[in-house]
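Residue numbers are given in our numbering: position 102 of the first sequence equals residue 83, and the series is strictly consecutive. Every residue, glycine too, gets a C-beta built ideally from N, C-alpha and C. One structure below.
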Amino acid sequence: MQQMRREGASVDWSRQRFTMDEGLSRAVREFFVRCYEEGLIYHGEGLISWCPKDQTALSDLEVEKETNAGKLYYLRYPVKGNGETRFVTVATTRPETMLGDTAVAVNPDDERYRDLVGSVLELPLTSREIPIIADEFVDPAFGTGAVKVTPAHDPNDYAMGERHKLPQVVVIDKYARMTSEAGEEFAGLDRYKAREKVVERFDELGLLEKTVDYEFAISRCDRCRTVIEPLVSTQWFCRMKEMASRALEAENARQEPKFAPQNPWTKVYTDWLENIHDWCISRQLWWGHRIPAWYTEAGDVVVARNEDEAREKLLREFSERGQAEKRERLERGETKLKQDDDVLDTWFSSGLWCFSTLGWPHETNDLKAFYPTSVLVTGRDIIFFWVARMTMLSLKFMEAIPFRDVVITGIILDKHGQKMSKMKGNTIDPLAVFDKYGVDATRITLAAASAGTDVRWRDDQVETYRNFANKIWNAARFCLMNSEGARVGTGFEGESQTWTLHDRWIVARFNRAAQDVNAALENYQFHEAVYSLYHFFWDDFCDWYIELAKADVAAVERSPARDGARSRLMTMLEQSLRLLHPLMPFITEELWQRLASLADDGGSEFLHPAYREMRPTVMLTAYPQARAELIDEKAENEMNAVIELISRVRSIRSEMNVKPGENVRILVSAPDEKTRDVFTASLSQIKRITRASEVTISESVTVPPGSARAALAGGAEAVVPLEGLIDFERENGRLQRELEKVEAEATRGEAQLGNSQFRERAPIEKVEELQKRVEDLTGRAQAIRRMLEALSR
RNA sequence: AGGCGCGUAUGUCAAUGGUAGACGGCUUCCCUUACAAGGAAGAGGUUGGGGGUUCGAGUCCCUCCGUGCCUACCA
């Protein structure tokens, strides 16, 4: 909880619940009683997974399978009869369980043993005789084709025992020690000691045929790693088939719930539901919801919401069954009731969470308002534990599935790709990362990991986003330093005729970013949201917009133009902070507060209409939605031309080793008048950013000798006269490389255009798009060739 | 044994069948009046191998190699 608060999780803390709270306990008892009354929950004997250390039953999900390098022992059992010496050899990984064997099984079609079916074996080390039975389950190809059957200590054998009505001989107790049934020689021995001894004795008797190395799966308690012992025991079980089929129907017919990412989790979920087994829900632990069942000394069991109800129910039952004596004793208060000491599997109460927290079984307002919920976010290892059980248990008494969407996140691995575990000591402490890099940086780093893919965690990748936070801080600082005269929030209202190109452009870029971010969040594609936000803020807003607006914004004299530029800058920052807020709540709130304090009413006007009366905070502002009419493609294209011009001049400066402090002259030619107008409108910005002493724009230029040149889109050209400074070799190399690149791409494009199949079958837009691109490329190539020619003269 | 996933730049990872990108690292230059946790310019790829479908494949299909996870009642 402390960690969630540090993370800035914006949850309603007043609704914090604990599974053992009274309201939830009531729901658990109610659910249990109703299910018992329907026969869905039953009390009975079964072979369950037992942890000898924790002394409790476990469900299938709470045992971990592990491959284990063990041995396969081949044991000979003598066939009884007629003094003949014949043996049946069985293979086993657990020889100690042979003491509890009550049969040997073979496949009915197995010729080798057909004549022996029905005959009897003398079980070594015991005085027992056991039959040879035939069962389809046995695989003739494995081992010897004969299987020892220990119904009390193996799940398969248990099932086979039921099929053939075999007795159960319990030779291992709940402490994993041999019982007296195992015989004097073995009683009291630990299961592994017993194994050694059994093998030793078989060897002595000449009944150990061979021992081979064998790898097999071993089950461990996921809590304490102790090897599980299958144990016949009386427990509480929940029938799952019917509930599972309802959940399956919801998924198959209506995609309820919907998984994100959809593949492969939907299938993982449905596969498990299809192969579901009954659930052992009782635990012999001290902690948890006590099972609402009461026993009399005479062994009667009653399930009820409380002890009073238990008595009533018992009275009714005794009457119905005509057990007058029991009834009278109960009425006289002579019968003591004892509640079951066992508790419920915590996942059972957790499975009710979605409605137990909202007041069920009462039809509360909360239940009506908040059920079903919208989304459950969890890891894939919890799909069975929680997601499936929640849907099943919820559908039992609720109309709808408990959540519409299930988002499966990746799992954080260590830097070597290993799952983190306390045992391996490779866990990371989120609080330490928060301390080192900040919560915002950590949050956005996690969000940037692609959806559903595991993350190899390295602290240093948080650095990228710590730097991003720093960038946001510094950009905001610049804006705030130049905020005098700005009217935040109104920058882009109603005066578009005074906007510069970069104003129209940043509005377009912002709306595009808002569109992308909203779409990404809608689809739980958080990494795409991060990508859009990062590049919008850093590349578009910081690198270009602030730089282009700087001259107007930072003008010394106050003027309507300066106020306007500042208002637009501040407005864009305010909107950007809103867009960033869900991913970086702390820094955006801090900056937003400073910004809001500049507004006349302290920022109230920024709040979502529903929250106008509340204290201003970015949390209560409306999240920016894209306005399609503001995604101004024309502005984007024009700005691209300006950006290209500036970039190419910078590139020339850098490659020609022009000192940063040194001013250059720039001659720009553009055959197209509109392009000239675009450049002219941004003249002062171009001049400033390229550090030019002079920029001239005309239809065509006379190129001074010793100029570096660059071909631009639409036949335009940038010329930087560098007489005396130019390195002809370098310029030649630079242009050659450029030409190669452009020609290669043009050739590829032309080849594709030359393919009649492409022209016929590809969509028209694609063909036209390529045509345009190839035209531009060939134009550039021509221009560069002319430049090279001029250079060599 | 089945099922699922992954192999892309030196590293970690992106990319509805349509110009292969980001971040880090690397090279060069710059302490320029928001930011050196920064700015500018660069280098770096036959998308694991081989087939196939398609006008077009990192993306779809088959196969092989490598690797990870989940499920399972072969003793």
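### Query
How about Val151 and Glu165: do their beta carbons lie closer than 8 angstroms?
If you number the first sequence from 1, residue 151 lands on position 170. If you number the first sequence from 1, residue 165 lands on position 184. Taking 8 angstroms as the Cβ cut-off, Val151 and Glu165 do not qualify as a contacting pair.
#### Entry: Segments of 3+ residues assigned as beta strand (DSSP E) that fall wholly inside the segment 197 to 284
210 to 219, 239 to 241, 274 to 276, 282 to 284
### Message
Closest to Leu554 by C-alpha separation, out of Thr671, Ile527, Ala8, would be which residue?
### Response
Here the question's residue 554 lines up with position 573 in the first sequence. Checked all of Thr671, Ile527, Ala8; the closest Cα to Leu554 is Ile527.
### Host alpha helix (DSSP H) of Gly714 (start-end)
Within the first sequence, numbered from 1, the residue matching residue 714 stands at position 733. Its alpha helix (DSSP H) spans residues 709 to 735.
### Length at least 4, wholly inside the segment 117 to 192: the alpha helix (DSSP H) runs in chain order
136 to 145, 172 to 185
### Message
One question on the structure: do Tyr58 and Glu103 come within less than 8 angstroms of each other, judged by their Cβ atoms?
### Response
To locate residue 58, count along the first sequence from 1; it is residue 77. To locate residue 103, count along the first sequence from 1; it is residue 122. Closer than 8 angstroms, so yes.
### Message
Our contact map puts Met401 next to Leu394 with C-beta atoms below 8 angstroms; I'd like the distance itself, whole angstroms only.
### Response
Here residue 401 refers to the residue found at position 420 of the first sequence. Here residue 394 refers to the residue found at position 413 of the first sequence. Confirmed, about 7 angstroms.
### Query
Can you tell me where the beta strand (DSSP E) with Phe68 in it begins and where it stops?
If you number the first sequence from 1, residue 68 lands on position 87. Start and end: 68 to 73.
#### Entry: Backbone secondary structure at Gly433 - three-state DSSP
For the purposes of this step, residue 433 is identified with residue 452 of the first sequence, where counting begins at 1. Three-state result, Gly433: coil.
### Message
Starting from Glu624, trace the alpha helix (DSSP H) in both directions and tell me its first and last residue.
### Response
Taking the first residue of the first sequence as 1, we reach residue 624 at position 643. The residue asked about is misnamed: residue 624 is Ile in this sequence, not Glu. Taken as a continuous stretch (DSSP letters only), the alpha helix (DSSP H) holding Ile624 covers 614 to 636.
### Message
Report the start-end ranges of each alpha helix (DSSP H) in the segment 448 to 492 that is 4 residues or longer and not cut off at the edges.
### Response
none
### Task
Within 10 angstroms of the Cβ of Asp520, are there 16 or more other Cβ atoms? Answer buried if so, exposed if not.
Within the first sequence, numbered from 1, the residue matching residue 520 stands at position 539. Exposed: under 16 other Cβ atoms inside 10 Å.
### Query
In its own chain, which residues sit with a C-beta less than 7 angstroms from the C-beta of Ala603, not counting the 5 before and 5 after it?
Indexing the first sequence from 1 puts residue 603 at position 622. The answer, listed in chain order, is His589.
### Inter-residue Cα distance where the pair is Arg549 and Arg468
Taking the first residue of the first sequence as position 1, residue 549 is located at position 568. Taking the first residue of the first sequence as position 1, residue 468 is located at position 487. Each residue's Cα considered, the two are about 8 angstroms apart.
### Query
Roughly how many angstroms separate the alpha carbons of Gln(-17) and Phe(-1), rounded to a whole number?
For the purposes of this step, residue -17 is taken as residue 2 along the first sequence, with counting starting at 1. For the purposes of this step, residue -1 is taken as residue 18 along the first sequence, with counting starting at 1. So the alpha carbons of these two residues sit roughly 15 angstroms apart.
### Where Val676 sits in the DSSP three-state scheme
Here residue 676 corresponds to residue number 695 of the first sequence, with the count starting at 1. Val676: strand per DSSP, three-state reduction.
### Task
Reducing DSSP to helix, strand and coil, say where Ile425 ends up.
To locate residue 425, count along the first sequence from 1; it is residue 444. Three-state DSSP puts Ile425 in a helix.
### Task
Please report the residue range of the alpha helix (DSSP H) in which Cys16 lies.
Along the first sequence, one-based indexing puts residue 16 at 35. From DSSP, the alpha helix (DSSP H) with Cys16 extends over 3 to 18.
### Message
So if DSSP puts Val49 in a beta bridge, which residue, or which two residues, is it bridged to?
### Response
Working through the first sequence from its first residue, we reach residue 49 at position 68. Note on residue identity: the sequence assigns Asn, not Val, to residue 49. According to DSSP, which records beta bridges pairwise, Asn49 is partnered with Phe197.
### Message
Applying the 10 Å Cβ sphere with the 16-neighbour rule, what's the burial state of Val773?
### Response
To locate residue 773, count along the first sequence from 1; it is residue 792. Going by the sequence as given, residue 773 is Ser instead of Val. By the neighbour-count rule (16 or more Cβ atoms within 10 Å), Ser773 is not buried but exposed.
### Query
So what does DSSP say about Asp440, is it helix, strand or coil?
If you number the first sequence from 1, residue 440 lands on position 459. Looking at Asp440 - three-state DSSP - the assignment turns out to be coil, as it is neither helix nor strand.
### Own chain residues within Cβ distance below 8 angstroms of Arg543, not counting five before or after
Translated into the one-based positions of the first sequence, residue 543 becomes position 562. Within the same chain, Arg543 has close Cβ partners Gly466, Asp533, Val534, Ala536.
### Message
Tell me the DSSP secondary structure of Gln320 in three-state form.
### Response
Along the first sequence, read from residue 1 onward, the residue named residue 320 stands at position 339. Strand at Gln320.
### Query
How many Å lie between Asn137 and Trp367 at the Cα?
Here residue 137 refers to the residue found at position 156 when the first sequence is read from its first residue. Here residue 367 refers to the residue found at position 386 when the first sequence is read from its first residue. Using only the alpha carbons, I get a separation of about 27 angstroms.
### Query
In this structure, what does DSSP give as the bridge partners for Ser327?
What you label residue 327 is simply residue 346 of the first sequence in a count that begins at 1. In the sequence as presented, Ser is not what sits at residue 327; that position holds Thr. Answer is none; Thr327 lacks a bridge partner.
### Query
Who pairs with Tyr55 in a beta bridge, going by DSSP?
Position 74 of the first sequence, counted from the start, is the residue given in the question as residue 55. For Tyr55, which the question treats as bridged, DSSP gives the partners Ala72, Lys191.
### Meets three-Cβ-pair contact criterion under 8 angstroms: the segment 609 to 624 and the segment 473 to 490
yes
### Query
Roughly how many angstroms lie between the CA atoms of Asn88 and Glu232, to the nearest whole one?
Walking along the first sequence from the start, residue 88 turns up at place 107. Walking along the first sequence from the start, residue 232 turns up at place 251. Approximately 39 angstroms, taken between the alpha carbons.
### Query
What residues in its chain sit with their C-beta under 6 angstroms from that of Val358, if we drop five residues either side in the sequence?
In the first sequence, counting from the first residue as 1, residue 358 sits at position 377. Once the five neighbours on either side are set aside, the close Cβ partners of Val358 are Val388.
### Task
With a floor of 4 residues, list each alpha helix (DSSP H) that falls wholly inside the segment 361 to 433, ordered by position along the chain.
370 to 378, 411 to 418, 420 to 429
### Task
Compute the Euclidean distance between the alpha carbons of Val700 and Gln666, then round it to the nearest angstrom.
The residue given as residue 700 occupies position 719 in the first sequence. The residue given as residue 666 occupies position 685 in the first sequence. If I take the Cα positions, the gap works out to 17 angstroms.
### Message
Contact between the segment 577 to 586 and the segment 511 to 520 is defined here as three or more beta-carbon pairs at a separation below 8 angstroms; is this criterion met?
### Response
no
### Task
Figure out for me which residue from Met620, Thr74, Thr277, Val284 has the closest Cα to the Cα of Glu19.
Numbered from 1 along the first sequence, position 38 holds the residue referred to as residue 19. If we check each option's Cα against that of Glu19, Val284 comes out closest.
### Message
With a threshold of 8 angstroms, are at least 3 pairs of Cβ atoms found where one atom belongs to the segment 299 to 310 and the other to the segment 344 to 359?
### Response
no
#### Entry: Touch test, the segment 745 to 763 against the segment 726 to 735, Cβ-Cβ under 8 angstroms, three pairs minimum
yes
### Query
By a C-beta neighbour count over all protein chains shown, 10 Å radius and 16 as the cutoff for buried, is Asp252 buried or exposed?
Reading the first sequence from its first residue, position 271 is the one you call residue 252. Exposed, since its Cβ has fewer than 16 Cβ neighbours within 10 Å.
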